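Chains as they are written, first to last, in this note's numbering: chain A, 1 to 198; chain B, 199 to 396.
Where a beta carbon is used, it is the ideal one built from N, C-alpha and C, also for glycine.
Bear in mind that the values here come from a model prediction, so they are computed numbers and not experimental data.
A quick write-up on the structure given underneath.
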DNA sequence: AATCTCAGCTTACAACTGTACGCTAATTTA
DNA sequence: TAAATTAGCGTACAGTTGTAAGCTGAGATT
């Protein structure tokens, strides 16, 4: 294996190790450089060969999480295209996502209100992207003006993320109930927006 | 001053000191027992005369924050009774609250998704109380059934809290904009719920 | 083949943590 | 007044942290 390949592999080991540590009891600012290094199987000081600090690693993780989020929306659109209600399919896809990528979603959720301004900003940007994509989609499907679509998209994303937070703590049956509640709530928003007069 | 009075005063000093430390860069699990003690003007070991651990202090803080939340709702109701729209007045009251009690709201927001299961549960319970109170209020004012009122209340609280999170990072003019956005979104929910068919 | 580069290591240190132990001084109780 | 209680303190210790300094050995370059 070439030296460059080896380095990339170690870097990926560090990232994976960090995601593993980010379970329900650990936030980004609570995982230490030494812990990550230990989990990645390298010496603490070797960490610096790959990242300037632990914060640089953190921002990398947020980026990866944002990427996963964008893939999520693409997947939902694909599934909607093959039939099924927009709201039902989207919520189902989202719930599957947080089940399969629990730590990724937890990272976003936690750092959104976390102690690092840099992380908060980074997460906020990812969420804004998500809202913008949804806004465009709503304009396209419901042919409403941008202002209204943007308000609707923002409300929907907030409701879904908030429900997702609750779902993280819930077992499977409760998760289904949460999903069905948020579907109703999204319909409230959609209905309300459609008859709203400025 | 009697010994008991003195002890209560010191206890309050500890609580106040802890709230002071809970600024934008510090979470409950990130403030150390030593830091709190230092800020409260006592020796680290004296802390144990008042709380079993730092977690017991944390739960106390969550309780106090929940109390403030309930007072907030009472204040909003009082203001609504003296005239003004329900949604407008509620959002305005809420925004004033997070401006005047930033660290209290931040505590709830942060620990809601934080690393301590005990804190998460405690915060969740406070939010549930809040939703239930709003549910009763909606039933009373709009005479809808419990199921629908509960969904509506939950959606509204989630939207307001989420907007509050964003407002924490924003300056005054942006805060006003956030407030006016969330007002529209609450109207979506209210309108939608009023014409929703199961 | 000789040289350079550099990922990863070991060692080291100062700063911080929670908390065990025992003392003091002042209030409370008997 | 004598005895008991207790809020708060000082000292101490083992464990953790980030990171500085310098070494090694293997891949890359010439």
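Cβ-Cβ separation, residue j to residue i (assumed contact under 8 Å), whole Å
i, j, result
"residue 21 (chain A)", "residue 39 (chain A)", "6 Å"
"residue 365 (chain B)", "residue 373 (chain B)", "5 Å"
"residue 98 (chain A)", "residue 164 (chain A)", "5 Å"
"residue 350 (chain B)", "residue 391 (chain B)", "4 Å"
"residue 359 (chain B)", "residue 267 (chain B)", "Actually they are not in contact, since the Cβ atoms of residue 359 (chain B) and residue 267 (chain B) sit about 10 Å apart, beyond 8 Å."
"residue 259 (chain B)", "residue 226 (chain B)", "7 Å"
"residue 206 (chain B)", "residue 263 (chain B)", "With 8 Å as the limit, residue 206 (chain B) and residue 263 (chain B) do not qualify as a contact, their Cβ atoms being about 20 Å apart."
"residue 182 (chain A)", "residue 91 (chain A)", "6 Å"
Extent of the continuous alpha helix (DSSP H) run through residue i
i, result
"residue 378 (chain B)", "370–393"
"residue 216 (chain B)", "201–219"
"residue 231 (chain B)", "231–238"
Residue closest to residue i, alpha-carbon to alpha-carbon, out of the options
i, options, result
"residue 395 (chain B)", "B:297, B:354 and B:346", "B:346"
"residue 270 (chain B)", "B:282, B:242 and B:299", "B:299"
"residue 14 (chain A)", "A:44, A:187, A:70 and A:119", "A:44"
"residue 143 (chain A)", "A:23, A:190 and A:186", "A:190"
"residue 248 (chain B)", "B:382, B:316 and B:231", "B:231"
"residue 42 (chain A)", "A:4, A:12 and A:116", "A:12"
"residue 170 (chain A)", "B:274, B:275 and B:322", "B:322"
"residue 126 (chain A)", "A:111, A:137, A:4 and A:93", "A:111"
"residue 119 (chain A)", "A:177, A:57 and A:155", "A:57"
"residue 16 (chain A)", "A:37, A:25, A:150 and A:52", "A:37"
"residue 25 (chain A)", "B:312, B:319 and B:208", "B:312"
"residue 384 (chain B)", "B:217, B:280 and B:286", "B:286"
"residue 116 (chain A)", "A:55, A:23 and A:188", "A:55"
"residue 94 (chain A)", "A:74, A:122 and A:47", "A:74"
"residue 188 (chain B)", "B:202, B:330, B:245 and B:339", "Since the displayed chain B opens at 199 and closes at 396, residue 188 (chain B) lies outside it and no answer follows."
"residue 246 (chain B)", "B:208, B:344 and B:335", "B:208"
Quiz item: Whole alpha helix (DSSP H) runs in the segment 274–359 of chain B with 4 or more residues, listed along the chain?
Solution: 284–298, 300–310 and 315–340
Quiz item: Can you list, in chain order, the residues of the segment 20–35 of chain A whose Cβ is nearer than 8 Å to any Cβ on chain B?
Solution: 24, 25, 26, 27, 29 and 30
Quiz item: Quick one, which residues of the segment 38–52 of chain A are near chain B if we go by CB-CB under 7 Å, in chain order?
Solution: none
Exercise. Scan the segment 158–178 of chain A for residues whose Cβ lies nearer than 9 Å to a Cβ of chain B and list them as they occur along the chain.
Key: 158, 159, 161, 162, 163, 165, 166, 168 and 169
Practice problem: Select from the segment 114–130 of chain A all residues with a C-beta closer than 9 Å to any C-beta belonging to chain B, and list them in chain order. | Solution: 114, 115, 116, 117, 120, 121 and 124
Quiz item: Just by C-beta distance, which residues in the segment 328–349 of chain B are closer than 8 Å to chain A?
Solution: 349
Quiz item: Using Cβ-Cβ distances below 9 Å, what residues of the segment 273–290 of chain B are close to chain A?
Solution: none
Self-check item: Residues of the segment 378–396 of chain B whose Cβ lies closer than 8 Å to any Cβ of chain A, in chain order
Solution: 379, 382, 383, 385, 386, 387, 388, 389, 390, 391, 393 and 394
Quiz prompt | Short-range partners of chain B found in the segment 97–110 of chain A, where Cβ spacing is below 7 Å | solution = 109 and 110
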